[in-house]
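Following this line, the structure appears as structure tokens:
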């Protein structure tokens, strides 16, 4: 192993260097201020927790994505957080037991055993918001609106589209289909891949009734514009009332979102099962053409607090802030001055430096006049003219 190879970061682990680090920090402050203006309280959750607390009720996907270590103090298994939503649910259930709606926001690093996609970081900076204590359309509209405003604030909003789904549709179909556990697992896996030929083969070889085969064959084809909702009503009218209720919910939600954001392109995918073991209702994700994956996503997860002793309605969204910064169409440099000053103990010079810094300007001492690295980053220099210290443009 060469010296250079020794100091390589692990695969998928990314660090942020200047000046991008400052852009990320500025974005973090901007978004947290946005969330505060909507009434969302900031929480800072621990990097590591008891494993059962992190994984209770969330399904196998998150378990596989969680780094596990042994606590040297107690011998118990600990997990490094792979998602913050579960921690916020614990806080709502056990630490801040408010009775009415409560809103939380956060921005912290999480760690994944595997990247979400080939280009994703294993240490994303997760930013998001969660709303507990309300189960109606209004809270889902609020969370989706805040997600859209997040992307607007980051200027990741060119040709923005919103994908909407509802896990209740799949649950309603499966509930009356009489599939075995193995059959359901196989169908679920094929549905996630949208593998229509394999789904057709699976159904052909199964012992299911013709009616059930028809339902399960149609489901993965129900994606597109708002007309898909009516198609689904026609197809599933006699299956289960919960399916029609889910479709009506999506319709009402879409109407409210379209009214607020008429420029937003809405797309419906009724077989979208992202976070199926975790979500209980509507699921949503935002996309832009410049990025092949969702730039932000979320959904309703009303049951997540049950294992913490208090099941409350909940909805939320999250995104990787570092990805949002990379995708931002705004790459403008800060308007503040970058000032170069000589090393001096002159009182008047020090007063001028202090005043510039108090005004928010960036002032850097020139420690080595023979070697000025990155001098192009400076916009001004502080020089002495006729006994006074003044700014001179570079």
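In our numbering, the protein residues as written are 6 to 399. Just so you know, even glycine gets a beta-carbon here, dropped at the ideal spot from N, CA and C.
DSSP three-state call for residue i: helix, strand or coil?
i: residue 105; result: coil
i: residue 89; result: coil
i: residue 46; result: strand
i: residue 355; result: helix
i: residue 306; result: coil
i: residue 70; result: coil
i: residue 52; result: coil
i: residue 200; result: coil
i: residue 343; result: strand
i: residue 299; result: coil
i: residue 393; result: strand
i: residue 173; result: helix
i: residue 367; result: strand
i: residue 387; result: strand
i: residue 181; result: coil
i: residue 114; result: strand
i: residue 22; result: coil
i: residue 27; result: helix
i: residue 131; result: strand
i: residue 312; result: helix
i: residue 14; result: coil
i: residue 124; result: coil
i: residue 167; result: strand
i: residue 373; result: coil
i: residue 41; result: helix
i: residue 187; result: helix
i: residue 208; result: helix
i: residue 119; result: coil
i: residue 153; result: helix
At the level of alpha carbons, what is the spacing between residue i and residue j?
i: residue 395; j: residue 347; result: 12 Å
i: residue 306; j: residue 134; result: 13 Å
i: residue 229; j: residue 170; result: 11 Å
i: residue 276; j: residue 156; result: 25 Å
i: residue 20; j: residue 30; result: 13 Å
i: residue 295; j: residue 260; result: 27 Å
i: residue 138; j: residue 177; result: 25 Å
i: residue 192; j: residue 244; result: 18 Å
i: residue 161; j: residue 41; result: 20 Å
i: residue 407; j: residue 87; result: Past the boundaries of the shown model lies residue 407; the chain is included only from 6 to 399, so the question cannot be answered.
i: residue 81; j: residue 199; result: 40 Å
i: residue 329; j: residue 7; result: 35 Å
i: residue 324; j: residue 352; result: 48 Å
i: residue 140; j: residue 308; result: 11 Å
i: residue 14; j: residue 297; result: 25 Å
i: residue 93; j: residue 254; result: 26 Å
i: residue 1; j: residue 189; result: A question about residue 1 goes unanswered here, because the residues of the chain that appear run from 6 up to 399.
i: residue 203; j: residue 334; result: 40 Å
i: residue 120; j: residue 392; result: 59 Å
i: residue 61; j: residue 70; result: 14 Å
i: residue 105; j: residue 174; result: 29 Å
i: residue 282; j: residue 22; result: 37 Å
i: residue 124; j: residue 387; result: 44 Å
Cβ of residue i less than 8 Å from any chain D Cβ?
i: residue 23; result: No chain D appears in this structure, which consists of one protein chain only.
Looking at the strands, I want to know which residues DSSP matches up with residue i.
i: residue 136; result: 108, 320
i: residue 159; result: The partner list for residue 159 (beta bridge, DSSP) is empty, contrary to what the question assumes.
i: residue 398; result: 385
i: residue 75; result: 82
i: residue 350; result: Note: residue 350 sits in no beta bridge, so no partner.
i: residue 97; result: None; residue 97 has no bridge partner.
i: residue 325; result: 131
Whole-angstrom Cβ separation of residue i and residue j, contact assumed at under 8 Å?
i: residue 310; j: residue 286; result: About 15 Å separates the two Cβ atoms, so there is no contact after all.
i: residue 231; j: residue 249; result: So it is not a contact: roughly 16 Å between Cβ atoms.
i: residue 146; j: residue 266; result: The Cβ separation is near 11 Å, so there is no contact.
i: residue 213; j: residue 222; result: Rounded, the Cβ-Cβ distance is 10 Å, inconsistent with contact.
i: residue 99; j: residue 313; result: 6 Å
i: residue 136; j: residue 349; result: In fact, because the Cβ distance is near 54 Å, the residues do not count as touching under 8 Å.
i: residue 279; j: residue 158; result: That belief does not hold up - the Cβ atoms of residue 279 and residue 158 are roughly 24 Å apart, past 8 Å.
i: residue 116; j: residue 91; result: Actually they do not touch by this definition, with Cβ atoms about 14 Å apart.
i: residue 299; j: residue 322; result: With 8 Å as the limit, residue 299 and residue 322 do not qualify as a contact, their Cβ atoms being about 10 Å apart.
i: residue 52; j: residue 37; result: Incorrect: roughly 19 Å between the Cβ atoms, too far for contact.
i: residue 288; j: residue 172; result: 6 Å
i: residue 217; j: residue 273; result: Rounded, the Cβ-Cβ distance is 23 Å, inconsistent with contact.
i: residue 258; j: residue 33; result: The Cβ separation is near 29 Å, so there is no contact.
> Considering only residues of the region 213-294, which uninterrupted beta strand (DSSP E) runs meet the minimum length of 3 residues and lie entirely inside it, listed in chain order?
Replying inline: 270-274, 287-292
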